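Contents: one structure, followed by commentary.
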Amino acid sequence: MRARTGLWRYRILPTMAAVLLILIAPPLISGTAEGDVAAGLLITEVSPFSQYEGISLTNGSDSAVSLNGFTLTDGEGTLTFTAPLSLASDERLTLVKNAGGDWFSSRDGTMLFTAEGIEKKGSFILADAGDDVALYRGDVLLDTVCYRNGSVATGWSGAPVALGSGQYLVRTGQTDTDTAADWLATKPGWTRLVYGGPGAYEAAVTPFAFPESAGIPIYRTLEEARTSVDISLYLLTCPNIATLLCDLAGRGVAVRVLLEGAPLGMDISTELRLMRSLTDAGGEVRLINPPTAETSRFTYLHTKYAVIDGSAVVITSENWTSSNLGYGTGNRGWGAVITGSEYATVMAAIFANDWSTEFGDVQPLDRVYPGLQAYGGTLSYTPPAEYETVTFTAGVTPIVSPDCSWDALETLTAGTGTRLYAEQLDLGSSYADLPAGTPVAWLQAAAQRGADVRLILDSGGDERAALVNLINTTTAVKAIALDGGNDFAAVHNKGIIADGNVWVGSVNWTATSFHANREAAVLITAPAVAEFWQELFLKDWGVNIHTVEEDGLQLTVGRSGNTVVLRAVGPVDTDYEWSFGDGRIRTTAYPAVAFTVSGPGEYTATVRLVGTDLTAAVGYTVEAGTPPWRNWLPYAVSAALTGLGALVGFRRESNLNSRGR
């Protein structure tokens, strides 16, 4: 409708003692002509729900503007300013239906719909189900917004703005396009971090992986803390890391830990006792979403990061459990230590916002569990072994849910041209059917552009296998379901490699994780860092149906007397049909088989990957005069192969309950 000129201001502003990240003010309008000044007045907030119904106007020009003669209308009623109320440059005025103790109407700069100087006609009600609101000066339409199922108003383009229950709208666009792109749906206590694209800040980045690192970079970074440690985690159950935090608090470091108060399906009794020991040592612990919470900003606090001394950030895909931190077989995951004051400042502001008790969902540990006993075991810190790391200079961009993770992933995948690798725990139920406009569809678009696109999911039973099959048969994305075997407990990663960018953090590919949880991730931009994680990804990728299709099925033969061992180079989670060349056929669930040939001669053995047309053949010769004892060899080999398969299966089942989301 109108192009806006001028610069936008990026600020960190307090709202109700919380910190809102990068709240974007209305555009500045140059010039002082009356028409230009009027054009700077925009609708900047719409809050339709009854608990805080209201609407805000902000003067985005560089001169004061008199509101006399301006009118707001929802098509059924009007609010018209009849007094020369002046609004200074960059000043906001919020009009509310009711005065009360809610956050929206109790702010400075609010007026009732029925206040003196405002003429109210008809039924001006911001409907919960959806509405359209327009701002006029006389007969001139200046601004409009349409949300939920509101009818598309004059001057509005495209679909209405999506708005969840209990949310409100905030203007964020850099220009006034009169489309949904100008608006952000948010809630009280949510931050407003806007995805800034690759390389927003420069930092030193030290990448590492689980379980190889055993979390040693986390220990080392915490050991170096001098003034403060702020930790935001879904789970913290490792006694050794809790002991280190107690030691830090004991020597005067300000240690604050924010934990999810009700992690899904988890027994947190040990965690709570460890945290009581930390508070006894002088640290502070708060729980978000505890059983006593009055409300909830986020479905779960699912973050895994720490800010150290206001200058370094540790961020991971993994919870701080004993198995991930050196006391067991941890999950496959990624992490990074990022040193840079600009990035750390953003993450510290996120923490401060979430730490606040103002919204009724965060409470101190001792208030939730007043009779809680300290940890009963020995708390004596054991420094970990040395672990070699490499540090790179890189660009880093913060990403958080529910603010911008969805937009960031869509933008990142859309800009990928050569390589797009993703390693994820799972796809949420909302995305499992591969609908348009969701992560796998974005991967498919990159594959259609010619990018090498691969997806690793954790091996999770028949449903996961069916999902992988659906991806492989309906898209150009190459997908596998991976069992870590002896290398790691589960694929718990949430990592992405997109050309020279790497995404590390806690964001699962589920609707809740993108849109309702508090999550934290970082986009690291540096080709060398991407190569670091690509090597790990390709190691996990290993030999699978895709590599066999590309390279062909390979078959080798080993023989001792009339005992023959056939080995195929292929995936271990697929059935193989073997023809020994003497008329016998056998099927195995492992790419190797041993057997005895009844007599000497020339033979040709074949193998077929069941469910495919992939086959291979190899010839072998059995000579006369084989000693009888060698007839036992195939049974021993077969027993060993069968035992290996059973061991892998048993170990997999034993780890299913230890993965943590």
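Converting from the sequence shown to the numbering used here requires adding 568 to each position, the first position being numbered 1.
Beta carbons are placed, not taken as given, at the ideal position from N, Cα and C, and that holds for glycine.
The structure presented is a predicted model; accordingly, all values stated were derived computationally and were not measured.
DSSP has residue i in a bridge; who is on the other side?
i       : result
Ile1024 : Glu991 and Ile1048
Lys1062 : Gln992
Gly906  : The sequence given here places Ile at residue 906; Gly does not occur at that position. DSSP, once it has assigned bridges, lists Val773 and Val881 as partnering Ile906.
Trp888  : Leu804
Met679  : Leu663
Asn627  : Leu609
Glu1170 : Thr1189
Thr1131 : Ser1128 and Thr1164
Leu542  : This structure cannot settle anything about residue 542, because the visible part of the chain is limited to 569 through 1229.
Ala874  : Ile799 and Val882
Trp1146 : Arg1154 and Val1175
Gly622  : Ser615 and Val664
Arg900  : Val1059
Thr1183 : Arg1176
Ser553  : Outside the displayed span of the chain (569 to 1229) sits residue 553, for which this structure offers no information.
Leu1123 : Ala1136
Ser634  : Ser654
Phe672  : According to DSSP, Phe672 bridges with nothing at all.
Gly698  : Arg716
Leu869  : Arg1086
Val930  : Ile856
List the endpoints of the continuous alpha helix (DSSP H) containing residue i.
i       : result
Val825  : Element bounds for Val825: not the alpha helix (DSSP H) but the beta strand (DSSP E), Ala822 to Glu828.
Val936  : Leu933 to Val936
Ser845  : Ser837 to Asp848
Leu1035 : Asp1030 to Thr1042
I'd like the span of the beta strand (DSSP E) that includes residue i, first residue to last.
i      : result
Ile856 : Glu852 to Ile856
Ser924 : First-last for Ser924: undefined, no H or E at that position.
Leu647 : Gly645 to Phe649
Glu791 : Note, Glu791: premise wrong, no beta strand (DSSP E); alpha helix (DSSP H) at Ile784 to Glu791.
Ile686 : Ile686 to Gly690
Given residue i, which residues of its chain have a CB within under 7 Å of its CB, disregarding the five upstream and five downstream residues?
i       : result
Ala1204 : Any reading at Ala1204 must be qualified, since the residue scores a pLDDT of 48, below 50, and its modelled position is unreliable; no value is offered.
Ser877  : Note on residue identity: the sequence assigns Asp, not Ser, to residue 877. So the list reads Ala793, Arg794, Thr795 and Ser796, once near-sequence residues are dropped.
Gly985  : Arg1017, Ala1019 and Asp1067
Pro766  : Gly963, Thr965, Asn1069, Leu1091 and Thr1093
Phe1100 : Pro775
Gly850  : Ala817 and Gly818
Gly732  : Ala753
In its own chain, which residues sit with a C-beta less than 8 Å from the C-beta of residue i, not counting the 5 before and 5 after it?
i       : result
Phe692  : Leu640, Thr641, Asp642, Glu644, Gly645, Thr646, Leu647 and Phe681
Thr1042 : Leu1002
Leu803  : Leu827, Glu828, Pro831, Met834, Ile836, Glu839, Asn887, Trp888, Thr889 and Gly1228
Gly928  : Ala861, Glu862 and Thr863
Trp1010 : Leu977, Glu978, Thr981 and Ala982
Thr740  : Ile592, Asp750, Trp751, Leu752, Arg760 and Val762
Thr847  : Val853, Leu933 and Asp934
Ala916  : Asp798, Val875 and Gly878
Can you list, in chain order, the residues of its chain whose CB lies under 6 Å from that of residue i, leaving out five sequence neighbours each side?
i       : result
Val708  : none
Thr1210 : Residue placement at Thr1210 cannot be trusted, given a pLDDT of 47 that sits under 50; the coordinates are not used to answer.
Asp815  : Tyr949
Pro1196 : Here the model assigns Pro1196 a pLDDT of 45, short of 50, so the residue's position is not dependable, and the following value carries that caveat. Correct list: empty, nothing qualifies.
Ala1014 : Thr981, Thr984, Leu988 and Val1021
Glu1191 : Pro1168
Val882  : Ile786, Thr789, Ala874 and Val905
Notebook entry, point to check: So, do the segment 682 to 695 and the segment 648 to 668 have three or more beta carbon pairs nearer to each other than 8 Å?
Noted result: yes
Checklist line | Secondary structure, alpha helix (DSSP H): runs of 4+ residues fully inside the segment 1057 to 1118 | finding: 1079 to 1083 and 1095 to 1109
Note to self: Could you check whether the segment 1019 to 1029 touches the segment 1056 to 1076, counting it as contact only if at least three pairs of C-beta atoms, one from each stretch, sit closer than 8 Å?
What the structure shows: yes
Note to self: Under 8 Å: do the segment 933 to 941 and the segment 724 to 743 share three or more Cβ pairs, one atom per stretch?
What the structure shows: no
Next item on the list: Entirely within the segment 941 to 1006 and at least 3 residues each: give me those beta strand (DSSP E) ranges in chain order.
Entry: 960 to 969 and 987 to 992
Next item on the list: Tell me the start and end of each unbroken alpha helix (DSSP H) in the segment 702 to 770 that is at least 4 residues and wholly inside, in chain order.
Entry: none
Next item on the list: Assess, as a yes-or-no matter, whether the segment 1077 to 1084 is touched by the segment 1104 to 1114 under the definition of 3 or more beta carbon pairs within less than 8 Å.
Entry: no
Next item on the list: Kindly confirm or deny that the segment 803 to 815 and the segment 832 to 850 touch, where touching means at least three C-beta pairs closer than 8 Å.
Entry: yes
Check: So, do the segment 965 to 981 and the segment 1043 to 1050 have three or more beta carbon pairs nearer to each other than 8 Å?
Finding: no
Notebook entry, point to check: Would you say the segment 726 to 741 touches the segment 867 to 882, given that touching needs at least three Cβ pairs under 8 Å?
Noted result: no
Margin query: Check whether the segment 896 to 906 and the segment 1109 to 1119 are in contact - that is, three or more C-beta pairs closer than 8 Å.
Written below: no
Item checked: Stretch-stretch touch, CB-based, cutoff 8 Å, three pairs: the segment 774 to 791 with the segment 1114 to 1126 -> no
Next item on the list: Answer yes if the segment 658 to 675 comes into contact with the segment 613 to 629, meaning at least three C-beta pairs across the two stretches below 8 Å, and no otherwise.
Entry: yes
Check: Below 8 Å, can you find three or more Cβ-Cβ pairs linking the segment 769 to 786 to the segment 744 to 753?
Finding: no
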